[in-house]
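Participant:
Residue numbers (the working numbering): 14 to 126.
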């Protein structure tokens, strides 16, 4: 693939990445509701400003929601990136960004494992 095509791919991927993020948020929201209902047998999880709930329950809900969102987002983004790479032959990461370290970890891998 030509160098100019490789440099343009991340910009083309941005709207796809946005759509994937939206979808992953919706899927994660549904997964969280189901997980909370299964764990606590309640339809609604507590919010930070719910005065009738204890702090521990609020923090549990926030931690569970954050974990589910992170896992779903990573799975959806990874699947989308692999699909783009299969169809174009180029991994959808901007040139120069692929060697930057990712959140919370040593070594700064390329994120292609």
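Ideal Cβ placement from N, Cα and C applies to all residues, glycine included.
So, at 7 Å on beta carbons, what are the nonlocal neighbours of residue 56 in its own chain, with the 5 sequence-adjacent residues on each side left out?
Facilitator: Within the chain shown, the letter at position 43 stands for residue 56. Hits under 7 Å: 50.
Participant: What residue range is occupied by the uninterrupted alpha helix (DSSP H) comprising residue 61?
Facilitator: Here the question's residue 61 lines up with position 48 in the chain shown. Careful: residue 61 lies outside any alpha helix (DSSP H) and carries neither H nor E.
Participant: Measuring only the C-alpha atoms, how far is residue 26 from residue 79?
Facilitator: Locating residue 26 in the chain shown gives position 13, counting from the first residue. Locating residue 79 in the chain shown gives position 66, counting from the first residue. C-alpha separation (whole angstroms): 25 Å.
Participant: Work out the CA separation of residue 39 and residue 87 for me, nearest whole Å.
Facilitator: Taking the first residue of the chain shown as position 1, residue 87 is located at position 74. Taking the first residue of the chain shown as position 1, residue 39 is located at position 26. Their Cα atoms are separated by approximately 14 Å.
Participant: Starting from residue 70, follow the alpha helix (DSSP H) in both directions and report where the run begins and ends.
Facilitator: Mapped onto the chain shown, residue 70 falls at position 57. Per DSSP, residue 70 belongs to the alpha helix (DSSP H) from 68 to 101.
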